[in-house]
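Enquirer: Read in order, the letters of the sequence shown are residues 1 to 483 in the UniProt record's numbering.
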Amino acid sequence: MMQYLQRLGKSLMLPVACLPVAGILMGLGYLFAPTTMQGGQADQSFMLILGTFLVQAGGAIINNMSVLFAIGVAVGMAKEREGTPALAGIVAWFVIQTLLSPGFVSVLTGGEADASFGKINNQFIGIMSGIIGATCYNKFSNTKLPDFLAFFSGKRSVAIITACIAIVVSAVLFFVWPLVYNGLILVGESVLSIGAVGAGIYAFLNRLLIPIGMHHALNAVFWFDVAGISDLTKFWSSTGELGVTGMYMTGFFPVMMFGIPAAALAMYRCARPERRKAVFGLLASAAFCSFFTGVTEPLEFAFMFLAPGLYLLYAFMTGITAMITVMLPIRAGFSFSAGFLDLFFSSQMPLAQNPWMVIPVGLVVFVVFFFVFRFAILHWDLKTPGREDEELAEKANADSKGNADYALYAAKVLAALGGKDNIKSVDNCITRIRLEVLDSSLVDDAAIKAAGAAGVLKPSANSVQVIVGTQVQFVTDELKKLM
């Protein structure tokens with residue numbers, strides 16, 4: 001089950017990767033023409049037209065995220081990367097959208113449709129459609145039919161079977177969806193009712209789920225239109241409420257832009273003097289990556305398993321930071337993650353509120369994170385980067401040279417995984433190589449880390465994740481070549 005959920009989490013990153021370009025386009029649009037989309041001004045200046053054009057271009061992606069999820073999840077969950085699963089995913093989405101549309105539901109019931117059916121076009125249904133499409137592809141892409149139906153054999157049968165399954169799912173959702181939707185609304189309203197405290201609880205849980213990659217599922221409830229909150233979508237489409245929308249994103253900016261770099265600096269200062277030069281590259285690149293893009297995994301995986309108590313403390317501080325940030329009040333949003341780029345572009349959005357205050361708050365967070373991390377590392381003698389046992393440290397120092405050579409890096413990782421005969425499948429998300437192995441006992445965690453990886457995660461008996469960082473695609477490509 002955990003392995004399946006891991007694959008789903010990885011698949012969600014494919015459509016989510018479309019969000020940064022939408023955020024950049026909309027941010028530039030509001031930067032060029034702050035009044036665009038707010039009332040049909042008579043001034044048809046070039047900047048207004050350009051701004052409107054860019055906002056609409058970004059909105060074309062944001063407003064169709066459910067379709068992107070249907071396609072992306074179908075491709076990501078399928079056993080093979082090709083077009084048939086994507087076609088199946090979109091077929092399932094079209095069938096469900098049609099059969100559960102308010103108009104058709106009204107025809108079936110002879111009365112007014114429940115309000116929940118007006119929200120059937122959402123990311124949750126998109127994800128479900130993608131799962132249906134991928135499952136049908138994995139099960140039926142090799143189906144052989146009698147000769148007189150041979151044309152529909154194999155992959156051609158997938159879309160047909162998907163449509164049939166989607167009809168059954170629609171019939172179930174006809175009764176279940178109002179209960180699920182209204183239940184999620186209740187949960188969302190419960191969190192909303194406690195305001196800043198709810199934002200802090202969400203941020204705390206978000207960080208706790210990072211090690212198993214299931215934070216995406218939690219994010220879907222607060223960022224997208226699953227429980228009616230839709231923090232991310234409403235912020236970028238400017239359809240939310242000023243002072244409310246953005247509260248489930250804002251708190252991450254001080255942590256990712258300032259807290260993570262402060263933690264990296266504390267680890268550097270706490271490293272043994274002879275090891276500081278060796279770990280500087282890892283910590284500096286992880287800090288810059290977090291500050292600029294909001295990708296935090298390269299540093300988080302450098303200590304979450306070495307010092308789980310420290311990671312729990314880090315999650316708690318993230319929650320406190322989010323709560324304080326929301327109370328001030330500050331409102332900002334991100335299309336990808338809470339780094340400098342998203343802060344810059346989101347500050348131009350109409351629903352942004354005091355985004356400049358992220359900087360002074362972030363400076364305070366930097367000081368707090370630095371001293372808390374430094375005290376915890378030294379007081380409990382935690383084995384953060386640069387403080388490992390001598391033997392492992394020497395091995396890592398010797399083997400980490402030349403990791404810019406992705407082919408060499410991949411070769412070391414492959415050997416540490418037990419060789420190509422031990423690997424069933426290999427893929428990657430934004431920062432992790434995700435593998436299925438035949439025998440996990442052959443996997444040498446220490447050797448993988450010595451090759452330069454930030455960490456190794458084993459979510460199930462035959463599932464292995466190697467935390468590489470933002471260069472993961474190049475390492476994965478070389479790994480696939482070696483296989």
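From the three backbone atoms N, C-alpha and C, an ideal C-beta is built for every residue, glycine too.
(1) Over the uninterrupted alpha helix (DSSP H) stretch that includes Asn206, give me the two end residues.
(2) DSSP three-state call for Pro438: helix, strand or coil?
(3) Please go through the same chain and pick out, in chain order, the residues whose beta-carbon is closer than 6 Å to the beta-carbon of Asp427, but skip the five residues on each side of it.
(4) Are the beta-carbon atoms of Thr162 and Ala92 separated by less than 7 Å?
(5) Which residue from Ile71, Gly418, Asp231, Leu28 puts its Cα closest to that of Cys18?
(6) So, are the CB atoms of Leu378 and Cys270 less than 7 Å apart?
(7) Are the beta-carbon atoms belonging to Ile62 and Ala22 less than 7 Å from one another?
(8) Among Val358, Gly259, Met267, Thr325, which has the Cα closest to the Cα of Arg387?
(9) For Asp444, which residues in the same chain have their Cβ closer than 7 Å to its Cβ, ignoring the five residues on either side in sequence?
(10) At the level of alpha carbons, what is the spacing between Val172 and Ile160?
(11) Residue range of the alpha helix (DSSP H) that Leu48 falls in?
(12) To test your reading of the DSSP string, which unbroken beta strand (DSSP E) runs of 3 or more residues are found completely within the stretch 227-254?
(13) Starting from Ser290, trace the alpha helix (DSSP H) in both directions and tell me its first and last residue.
(14) Given that a residue counts as buried once 16 or more other Cβ atoms are within 10 Å of its Cβ, and exposed if not, what is Ile229?
(15) Quick one: what does DSSP say Pro273 is sitting in, helix, strand or coil?
(16) Go ahead and label Cys164 buried or exposed: buried means 16 or more other beta carbons lie within 10 angstroms of its beta carbon, across all protein chains shown.
(17) Would you call the CB atoms of Gly240 and Met323 closer than 7 Å?
(18) Where Val221 and Phe204 are concerned, what is the direct C-alpha to C-alpha distance, given to the nearest angstrom?
(19) DSSP on Gly452, reduced to helix/strand/coil?
(20) On the criterion of 16 or more Cβ atoms from any shown chain inside 10 Å, does Asp231 qualify as buried, or is it exposed?
(21) Return the CA-CA distance between Asp477 and Cys289, expressed in angstroms with no decimal places.
(22) What did DSSP end up calling Lys401 once you bin it into helix, strand or coil?
(23) Given Gly89, which residues of its chain have a CB within under 6 Å of its CB, disregarding the five upstream and five downstream residues?
(24) What do you reckon, are the CB atoms on Phe292 and Phe340 nearer than 7 Å?
(25) How would you call Ser425, buried or exposed, if buried means at least 16 neighbouring beta carbons within 10 angstroms?
(26) Alpha carbons only, please: which of Leu283, Met317, Thr318, Phe316 is nearest the one belonging to Phe301?
(27) Rounded to the nearest angstrom, what separates Ala376 and Val255 at their Cα positions?
(28) What residues are listed by DSSP as bridge partners for Asn428?
(29) Beta-carbon within less than 6 Å of Gln465's beta-carbon, same chain only, minus the 5 sequence neighbours each way: which residues are those?
(30) Take the Cβ of Gly309 as the centre, count every other Cβ of all protein chains shown within 10 Å, and call the residue buried at 16 or more, exposed below.
(31) What span of residues does the alpha helix (DSSP H) with Gln123 cover, start to end?
(32) For Leu382, tell me which candidate among Ala461, Phe280, Ser11, Tyr311 has the shortest Cα-Cα distance.
(33) Is it true that the CB of Ala166 sits closer than 7 Å to the CB of Leu120?
(34) According to DSSP, is Arg7 helix, strand or coil?
Expert: This is what the structure holds:
(1) Start and end: 195-208.
(2) In the sequence on display, residue 438 carries Leu and not Pro. Note: Leu438 maps to coil in three-state DSSP.
(3) Arg434
(4) The answer is yes: Cβ separation under 7 Å.
(5) Ile71
(6) yes
(7) yes
(8) Met267
(9) Ala416
(10) 19 Å
(11) 46-62
(12) none
(13) 276-293
(14) Flag for Ile229 reads buried.
(15) helix
(16) exposed
(17) no
(18) So the alpha carbons of these two residues sit roughly 15 Å apart.
(19) coil
(20) buried
(21) 21 Å
(22) In this prediction, Lys401 scores a pLDDT of 41, lower than 50, which makes its location untrustworthy; no coordinate-derived value is stated.
(23) Taken in chain order, the residues that qualify are Ala70, Ile71, Ala74, Ser129, Gly130, Gly133.
(24) yes
(25) exposed
(26) Leu283
(27) 18 Å
(28) Ile433
(29) Arg432, Arg434, Leu457
(30) exposed
(31) 123-140
(32) Tyr311
(33) In the sequence under discussion, the amino acid at residue 120 is Ile, which differs from the Leu named in the question. The answer is no: Cβ separation not under 7 Å.
(34) helix
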